[in-house]
Structure formats: C-alpha cells, structure tokens
Amino acid sequence: MKEKDGIQTGFEELRTQTIERLKELSTINRTTSILKEGKSIEETLQKIAHILPTGWQYPEFTSARIIFEDREFRSNNFIKTNWVQKQDFETIDNKSGSIEIYYIKSFPQADEGPFLEEERDLIINLANIISGYLNSIKGQALLKKFDYPVESEKPVEEKEKCTITNLQLLQRFLNRNNYDRDIYHDLMPFKVKEILIVSNLYDAYSIEKEGRFSEHIMGEYAQLNLTSLPRITGVSTEEEVLEQLHSRHFDIVILMVGVDKKMPLIISERIKKAFPYIPVFLLLNNNSDIALFEKEKKAFSFDRMFVWNGESRIFFAMVKLIEDQNNIENDTSIALVRFILLVEDSPMYYSRYLPMLYKIVFEQTKRIIDDVSTDDLYKVLKLRARPKILLASSYNEAVNIFNKYKDFIFCLITDVKFSNESKMDETAGFKLVKHIRNEKKDIPVIIQSSDQKHAEDAFKLKSTFINKNSENLVQEFKSFIMHHLGFGNFIYRDQYGKKLVEVKSLKDFEKHLRIIPDESILYHAKKDHFSMWLMARGEIQAAKILHPKKIDNFKDADSIREYLISVIHRFRNEQNQGKVIPYEESAFLDESNIVTLSEGAMGGKGRGLAFINSLIYNLDFSQFVPNINIRAPRTSIIGADEFEYFLDHNNLHYVKTEDISYEEVKRCFLKGKLTNTLIKRLKAGLKLLKKPLAIRSSGLFEDSLMQPFAGIFETYLLPNNHPDINVRLQQVMDAIKLVYASVYSDVARGYIKAVNYKIEEEKMAVVIQEVVGNKYGDMFYPHISGVAQSYNYYPFAHMKPEEGFAVAAFGLGKYVVEGENAYRFSPKYPSTEILTPKDQIQNSQVQFYAVDLKKQKPNLLEGDTAGLIKPDIDEAERHGTLKHCASVYNIDNNTISAGLDKPGPRIVNFANILKYNYIPMAKTIEIVLDIVKEALGSPVEIEFAIDLNKDKDYKASFYLLQIKPMIGNVQDYNVDMDKVTKKDIILYAEKGMGNGLIKNISDVIYIDNDVFDKSKTEEMASEIEQLNNQMDKEGKQYVLIGPGRWGTRDKWIGIPVDWPQISNAKVIVETSLEGYPLDASSGSHFFHNVTSMNVGYFSVQPKKSGSYITYDILDKQELIQKTKFFRHVRFKKPIKVRMDGKKRISVITK
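Numbering-wise (this note's numbering), the sequence shown opens with residue 8 and increments by one.
Next up, the structure:
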C-alpha cells in the first residue's frame, strides 16, 4: 500500500513539474509571438509584462514589470513586495533594463526564496529574448544610418516638441478598450475556409450547381450570424480531385457516396497517399451502406463516415467538428474553453447527435450573448468561446481525450457498447464513466442506449439515461444541457438540489450571492457551477479568475462568498470602465463610467464627457504622468428625449415662437413635470450622491466639433445637503427645468440667430456631475480650477502659439471662465512669469467661488450663482487650503516668496506647484492637451479641477471636466507688409488672432479715447449693445475697437460685454491706454465663441510693440452715430482686413 502511495505521489510530483515546464515554455512562446507582431517597443514591452505572471508557479499572486530606458511596463494590478526575482539585461548601446517578478503574498521556500531554479532559467531566457529583440531594432537603425545619408540635426525646439508625438494613441486606446475582446480574437485560429466536395456528375449537379449544398452550409452560418464562410468546390472525377488538390489547399474533403461504392474509396486512398494531412470524410446516402464501409475502413484511408438522411445540418456539423478538433488545444490553454465529449461508434447516431448538439450549443450560447451584449461584432466574437464538441468512437480514444483535456471537460455523453482495446465491450460506457468520475466526481453524464435495461445502471452511476429511440430525444438533450451546463439563467439551489432563486444577469447574480445560505454556496462551488455559468455566457475573463480556485482553497462558505463577490464586482466594473451604460445595468454612478438616466442624444458636452471617460479608463495616463491621478467626477446624463417629452407633455412648444420674456419662460418651465421614470432614477441616485452637484446643459451643438455654443446655456451648482431627500430631489428637478428653459434665453436666442440656426433645431440633454472638491467649514470647493488651450494666440518671449496656455484659479472654475483675475501660465514653461511682481499683486485673485453649504434651499431663479458664495481669499488661508497655491509679496524689495510662511500681501500664483513641482500640474496639462488634441484632430480647450489631498499612493487628483474644440480658419493666409501701401493703413497689429482676408466691411465702431472713463464700462457695454442691435437690423458687420479686455466680468479691466452684445462684430480690437494694462482676454466662454465664429481678434499695445491705430483716418470718415462713449464711422468703400495666422500679424487698410 505504501509503495502504491509512493508511486502515486511520485506521479503527482512529475505531473506538477510537467505542468510548470509547460507554463514556462508557453510564456516563452507567447513572448516570441508578441515580438513578431512588429508593434512599437513600448507596446511590445507592455504586452510582455501583461503575460509574464502566467509563467510562474502562482500566477494569480504574481505581478511583473519590465524597466527599460527609465520607462516602466507593468502587469495588471502591479504590486511591489519583498518577494522578488530580478534579471538585468543590457543593449548594444549600453542601455540597461530589467525584468522583475514579485509574489504578492508569502509562499513556501523553494530554490531561490519562494522561486524555483527553473524560474530563474526562465527569467534569464526572457531577458535574453528581450535584449535580443531590442538589439535587432537598434542594429537595424544603425544599418539604416550606414546605408543612407545621416539626417541633419534637428533644431532644439523641434526636439522639445510634445512627448506624445508618435505614441500611437489610437492603438493604445484600442488595446485598452478592447482588452476583454482580444482574447476572443485569439480563439478558434483554425477555420475551415476551403471545402472540396467529390461526387459523381449527377450528385455534383444536384448538390452544388443548384446551390443546395451552399444553401445548407451558408444558411446555418447566416442564421447564427457567423462571418467566416467556407468556399465550396465541387468535382466529380479522380483527375479533377488531384488537379484541385495540387492547385490549392483544402481544409476538408467530403466524398459523397451514391450508387458507385468503389470510386469514393479509391479516390480517398489516392488523396491520403498524396495529402495525408487533409481530413477525408465519407458522406453516405443511407444507413444501409454503413455495414459495407465499416468492413472497408481498415483497408481504405478515410477519417470518418457520416450519413446524410436529409438532415442538412450534417454539413455544418462536419465542418465544426474539424474546427473543434484543431482548436481545442489553443482555446483551452488561453481561455479555459470547455468541451463536450461525445463517445459514439455508430455513424448513424453520431450523424444524428452532432447536428443536434451543435444546434443546441450555438442557439443557447447565442441566446445568452444576445441577453448580455449589445455590440454585434462582440456577439460574433463571443460565439467563439462556446463549448467545443469532440467525438470519440472507442474507449481508448475517449480516455486519451479526457486525459489530455480533463480540466476543461463540460460533460460526457456516451454510448454503452463500443470498442475497448480493439475488442467490442458490452459495458465500455459504464467503465468510461467510472474512470472519468474517479477524477471528476461531479461531471454531468448522459448515458444513451437503445436498450432500456441500461437505465438502472445509469441511475446507479448518478447519470442521466436517454433512450436513443426516444421521440423526445432533442428536447431531452436540450433540457440536460440547460440544466447541467450553465446555459440559461443561474439557479441557486440548496444542498439537496432544490431551487431557491433564479437569476438572469450578472448584477442579480451578485445581488443574491450576498444573501443565499452557506449550504448553497458550498453546493455550487463543489460542482464548479459558478465558473461554468460564466463560461457558458462567454464571460471568459471572469471565468479564468474563478476556474483555478477549488473549494479546498477556502476555509469556509463566507470566504468563498467574499471572493466570488469581489471577483464579480471587479469584473463588472472593468467591463463598464470608460463606457456610457444604461441605468438598469449600473451599480449606480461609479466614477469609471457614465450612466444614462434617459434615452436620446447626449449633446455636445455629454459626448465630450463620455469621450473623456473613455480616454481616462482606456489610456494608461500613468505612463505619461506617473505621479498624479487623472480622473473624472461621477457623472450621469439625461438624454435629449426627456427634453422633447418635457416640451410635448407640458405644452411648452409655444415658447419657441411667442415673444415672452425669459423670466416668464423660466416660471412656465418650473411648473412643468418630468417623466416618472426619470424622477425615480434621480431619487435613487441622490441616495448615493452626497457631494454638491453641478447640473449642466448639454445642447446638441454645445461644445461640439463643428459649432460650439460655449457658455450660452445655464449651469447650476446645488449644495445637495438638505436633510430631506425630497427637497434635494425637487432642487435637482428645478435645476433641470431651468437648464431646459435656458435654450430660450435672450443670450441663447441671439447666439443661435447669429450662427444661422433655428431655435427649434437645438435640443437639450443634461449632465449631472458631482462637484470636485472637499468640505471646509460651510463651503465646498476644489483647490484649483482652470482652463487650458492647446493653441496660444498671445505667446511672448520664447513661447510658441502651438505650445498652448493655461489659466488657473483657486476654488471653483467659474472664476476662470467668467474672465476674472486668474493666473495665466504656459504649461511648457510653467516657471516663466508673465507679469512683474507689482503687476501680479495688482492683478492677483482676491476672492474665490465656493458652494455655499449654508444655502440648503437656494433660490435658483436668482441665476447660476444661487448656490454659490464668493468669499475673500483669506478665508481659504484660514481653512488651510491656500498653502501650496499662493505666495507672499515683499513690499520692501519687490520680490515674491512661494508659500505662506511670511507676513505680507498674498498672491495666488501656484508657485509651489508650477515652480517647485509639488504636483506635476503643468506637465499633466501639457500631456492631456496633446492627447486630447490628437484625439479630436484640432486645437482644443479643456476645463479641469485639482484636489491636492493625496491618496494612499501619495498622489493628488487631476479631474478632467470638459473638452471642446477651438475652431478657426484652416487655410493659411500670408501677409506681405512690403506690398501694403503705408498711407492706407488704418491699423497694424503684431499680436493678431485670426486668419484670412475680409473685404466686405465698411463700418468701424470705436471708443472715443478723449471721454473714456474706466469707471463707466458697464454703461459702455449697454451702448455697444444698442449699436450692435442697429447693425444687426441693417445686416452689417463691423470692426470694434476699445481699451482693455472685451468680455471680462471685471468692469475695471475692460468692457464687460456678453457675446450677443457684440455678435455682429467681425473684427474685435483690444487697445491699451495709460494706466490701463492690457492682457489677452482670458474669459474662456467669450474667447472660445470668438474663435469658433472666425472673428478677427487683435491686440494693439503701441508702447510694447510696433502695433498702432491711425485714429486720424478713422476720425475723417462719415460719422453715422455718436454716443456718449462711442463713434460709429463708415467708409465709402469696403476696407480690407488681412490676417496672417502663422506670423500673427494683421493689417486693416482702406
């Protein structure tokens, strides 16, 4: 007995060692395959890092990374521990790298700590393979350099261009986005593409020429939406057979056996002699020929025979059987694909069973996939993960298949009487069941026989008995597969197999997993039902995690329950990451996805947010900026269908045409009712959302690529802190209604008219977002908010327009987008200060916006500031939040010191961050701008917020809130000043924004500098609005000239206009006056709209540049109207406006 135990132990050790060596070999093979793909070095090393853990003893508890040229490539869920195996490597140009393998938990001592000696050999081999690969690339580069002229050294500035160039962003995005799909692409590599049918002339005509055979095959493919259709070639003579086989490859030959019984056998023998690797099947016309060909099988060469009794699916089954036999090795090794073992020696019966089994398997797999997938391509891919079917006709053949793939067997379907050791065995089927059950105790088994007496023996073996002659044969098979193999809904059962509850979706599966009795958990875990059900649904990634786990790995039912919940929850979250998902499928409002609360278009802002979400969770930003989290706030979207319903069911369409005030529109909309479905979903969401909320507009055209409507519609910030959830719900509903009403505001109407749209064309979706930030006393705000653009129309010194710029402020972003005194900087050169210390103290932020938590019931009719407060900046210092965002001005020596550890006036300039890199804010903005610019294919603007509170990994969080394109003229226009007549110049600007030629303007409206008073800028805004309205009535555009910033909200630094007040201006000029410093307009909404409508925008600062305005020419023109502050003049002939976008010079001539 001891000797037997010793042999068994030795066998188990040998088996374990063999499995380990196969894993190691597989890792080397997979690494080599990745190298052959020809991807970039970064992508190649990243893919290798992902597969490395599979080569070590404990892959589930293994993480890996490859380090090369100061870059890290990590496996999923990388964790660094003390249990490490490391191998260095070096390339021919002396660049060093390493492979590091970590165990994330303690394991028993082996040869090298917990690692095996063979694993040291493996890591050495892998390091050699990787260094060889890198050397070959570097060697090819050297050869190129040798064979061809050396390229001239590029200028330094070109070298310093954005680091994202050539990073293959699209491929990275697709790789991450399709990670869960890639495994399906690797399944079923062998497909039957070419079929050769051999028949006499009559059968060839009747089967192929009339299209019946193609119909049978293609019809089955079409019904199942399969895309890889084989091509069929029909021949009728031996010579034609050989001619075809010599001319091209065939995957299978099917010999039709009709009246002539000998010729197919002769042809089969000839084929096998010349092409022994091609499967040859005989297809008999009727059962009576079986006995004849059974006798001939040993003498002649064919692989199997089938019987066609009018069952057209036999062709499909033959093709799939060949594919399954060829793919089983690949599919089980990479994706745990299961198989059904059919043991049947009678061609009559397996010709009947195979089509039936394939039909059931395909139909059930397809039905489940239809339930859980929405993407048609994904459905087709998931069908590849269906259970395979393997056919054996003898005891030995069946045992060999089982021994090879025992870990993946789904079920056994066996006859009772068949060959065993080349002799017919009356009880071979029972012996096979016992053999398999000896290793797989709970494997489902069907014993099928035409002899009813075997039913009792089947029962003793705890197997299902099916009579081959049963009239309900198909239904009995289907019931068995549905019940035992995980198809259909998951049925939780007690320890006796009694049904407890039935679930359909993963969400319900997880929900009931939390509450079912321990006995049920143990019952299903013991029988491997959990991974079986997931595999049947095509959820390979989740099944792969669960499959290796056995009941013995856990101490009790609760630990199994916890593990299952964590795996399913993680899998569901990973599936939804970066996606827009319907409300029903969500575990409501996870940060990694966006939930739609109602159907319909998401609008421009919604699309942008969805794209942001997809970018964040499908691109690994940590590879570009490793020391900060790139995130998006929890977001949900109300589709535009709700807006349509709201107008229809509340009879509000009349507001489109009737002349009623905006205040009246708002009151009417507040009386309207939203759908009950939306109200229920909002209430459910509010139970989870505890932070303040931003209710944002998302019009169909808003922030979209072709026609941005930036800042035209309303946004409301709600404290969301009333103790009564019904009050909070009402506030959210009122905010939604007011966002809807903002489509019909005076500002929106004016803008829509200006861009030649009709008011009825705009439809409104709504975005609900958690506000970024934290609670400080009675306020809630982020440390930093800002906007950044990828193109800087006002660069200076060594800055270039394409390097972009950013404007940041302390607190909420309203301070920035409304054009108040925020801090402007270059992400490329963050330590370069644009203003002198004195200018900085004069222009520094002195207040900030925060959500006012004391206003538990804000009056939203007061406007978008109803839920906000605007305290002085020293309030933030009392909160302790200003520490890294401000500096101190030293009056005595006119210097600025970063931090707040000295007395003196505070300047918000983010010096600790921008100069001393407390967090990589500037680099993050630069990288994000580049990625988004490449993704959108145009210059872009982003809105962001930053939370400086660091997580357990000591990382702050950068929240990407919005992206939108900056639209401008595409074609370059060249201005040659040598060809411009100097005496005709009305205006020359060295800082111009815009591109092209305008030659249909005769009107100029400009400030009378003699009467300008900077305390009266609000009055000036009212005057220009009246002048603009007059120009609008006359259908004329004009040039507008005035001092300071146009579009600012600070009346002391410019004229505080909204876009509709100057919407007919085709050229806008900002000038500087004494004591009135000029900087570029940073009022984001206004500035963005100017660029989107191709308006020329010039900065004229005579003392700082060669720019000038010839006021003498203007003053001599016909005076059309003079107001208190403005002069409106008209030229007899249209003036010419030339704008050179590249040189940034502009000139206006008469």
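We put the CB at the ideal spot given by N, CA and C, even for glycine.
Nearest-angstrom Cα separation, counted from residue j out to residue i
{"i": "TYR186", "j": "GLU670", "result": "The predicted model places TYR186 with a pLDDT of 47, which falls under 50 and marks its position as unreliable, so this point remains unresolved."}
{"i": "VAL1144", "j": "SER82", "result": "58 Å"}
{"i": "LYS279", "j": "LEU398", "result": "21 Å"}
{"i": "LYS200", "j": "LEU236", "result": "7 Å"}
{"i": "GLU840", "j": "ALA963", "result": "24 Å"}
{"i": "SER358", "j": "LYS411", "result": "25 Å"}
{"i": "GLU483", "j": "SER456", "result": "14 Å"}
{"i": "PRO799", "j": "VAL814", "result": "The amino acid at residue 799 is misidentified as Pro; the sequence shows Asn. Approximately 11 Å between the Cα atoms of the pair."}
{"i": "ALA405", "j": "ARG320", "result": "25 Å"}
{"i": "GLY1061", "j": "LYS1021", "result": "8 Å"}
{"i": "LYS680", "j": "GLY874", "result": "23 Å"}
{"i": "GLY818", "j": "ILE144", "result": "50 Å"}
{"i": "THR603", "j": "VAL773", "result": "10 Å"}
{"i": "ARG72", "j": "ASP937", "result": "27 Å"}
{"i": "ILE130", "j": "TYR140", "result": "15 Å"}
{"i": "PHE300", "j": "VAL287", "result": "14 Å"}
{"i": "GLU825", "j": "THR69", "result": "51 Å"}
Distance CB(residue i)-CB(residue j) smaller than 8 Å
{"i": "LEU725", "j": "ALA748", "result": "no"}
{"i": "SER792", "j": "ALA952", "result": "yes"}
{"i": "VAL1107", "j": "GLU1125", "result": "no"}
{"i": "PHE917", "j": "TYR836", "result": "no"}
{"i": "THR339", "j": "PHE425", "result": "no"}
{"i": "ASN474", "j": "GLN459", "result": "yes"}
{"i": "LEU622", "j": "ILE601", "result": "no"}
{"i": "VAL248", "j": "VAL205", "result": "yes"}
{"i": "VAL746", "j": "MET786", "result": "no"}
{"i": "ASP1057", "j": "GLU827", "result": "yes"}
{"i": "TYR1115", "j": "TYR995", "result": "yes"}
{"i": "GLY706", "j": "GLY646", "result": "no"}
{"i": "ASP501", "j": "SER527", "result": "yes"}
{"i": "ASN901", "j": "PRO844", "result": "yes"}
Residue i versus the options, residue with shortest Cα-Cα distance
{"i": "GLU67", "options": "PHE114, ASP983, LEU42, ILE136", "result": "PHE114"}
{"i": "MET355", "options": "ALA324, GLN332, PRO730, MET312", "result": "MET312"}
{"i": "ILE341", "options": "CYS675, LEU1047, GLY62", "result": "GLY62"}
{"i": "VAL91", "options": "VAL814, LYS102, GLN116", "result": "GLN116"}
{"i": "TYR751", "options": "GLY692, LYS663, PRO808", "result": "LYS663"}
{"i": "LYS112", "options": "VAL248, LYS87, GLN1128", "result": "LYS87"}
{"i": "SER105", "options": "ILE136, GLY1003, GLU119", "result": "ILE136"}
{"i": "ASP1015", "options": "ASN924, ASP1122, SER1022", "result": "ASP1122"}
{"i": "ARG913", "options": "ASP565, THR603, GLN852", "result": "GLN852"}
{"i": "LYS1246", "options": "GLU997, GLY870, GLU1032", "result": "The first residue shown for the chain is 8 and the last is 1157, placing residue 1246 beyond what the model contains."}
{"i": "PRO362", "options": "GLU49, SER1029, LYS485, GLU882", "result": "LYS485"}
{"i": "ARG568", "options": "PRO524, MET609, PHE122", "result": "PRO524"}
{"i": "ALA701", "options": "GLU777, ALA691, ASP310, ASP655", "result": "GLU777"}
{"i": "ASN292", "options": "GLN251, GLU97, ILE644, ILE261", "result": "ILE261"}
{"i": "ASN658", "options": "ILE667, ASP666, PHE676, SER643", "result": "PHE676"}
{"i": "ILE1167", "options": "ASP535, GLN969, VAL350, MET489", "result": "Nothing can be reported for residue 1167: it is not among the residues displayed for the chain, which extend from 8 to 1157."}
{"i": "GLU463", "options": "VAL1154, VAL423, GLU126", "result": "VAL423"}
For residue j and residue i, believed in contact at Cβ under 8 Å, the rounded distance
{"i": "GLN1037", "j": "ALA1072", "result": "At roughly 13 Å, the Cβ-Cβ gap does not stay under 8 Å, so GLN1037 and ALA1072 are not in contact."}
{"i": "ILE637", "j": "PHE628", "result": "4 Å"}
{"i": "LEU860", "j": "ASN728", "result": "6 Å"}
{"i": "ILE453", "j": "THR471", "result": "5 Å"}
{"i": "ASN334", "j": "PRO196", "result": "7 Å"}
CB contact below 8 Å: residue i versus chain B
{"i": "TYR669", "result": "The structure shown contains no chain B; it is built from a single protein chain."}
Going along the chain, which unbroken runs of the alpha helix (DSSP H) with 4 or more residues stay wholly within the segment 814-894?
For the segment 814-894, whole alpha helix (DSSP H) runs of length 4 or above, ordered along the chain, are 821-824, 844-850, 880-886.
List in chain order: all unbroken alpha helix (DSSP H) runs of 4+ residues lying wholly within the segment 667-733.
Counting only runs of at least 4 residues, the segment 667-733 fully encloses the following alpha helix (DSSP H) elements, listed from N- to C-terminal order: 669-678, 683-693.
With a floor of 4 residues, list each alpha helix (DSSP H) that falls wholly inside the segment 941-978, ordered by position along the chain.
Counting whole runs of 4 or more residues, the segment 941-978 contains no alpha helix (DSSP H) stretch at all.
For the segment 464-534, list the alpha helix (DSSP H) runs that are entirely contained and at least 4 residues long, ordered along the chain.
The qualifying runs are 480-491, 513-520, 525-533.
With a floor of 3 residues, list each beta strand (DSSP E) that falls wholly inside the segment 37-105, ordered by position along the chain.
Fully contained in the segment 37-105 are the following beta strand (DSSP E) runs of length 3 or more, in chain order: 69-75, 78-81, 91-97.
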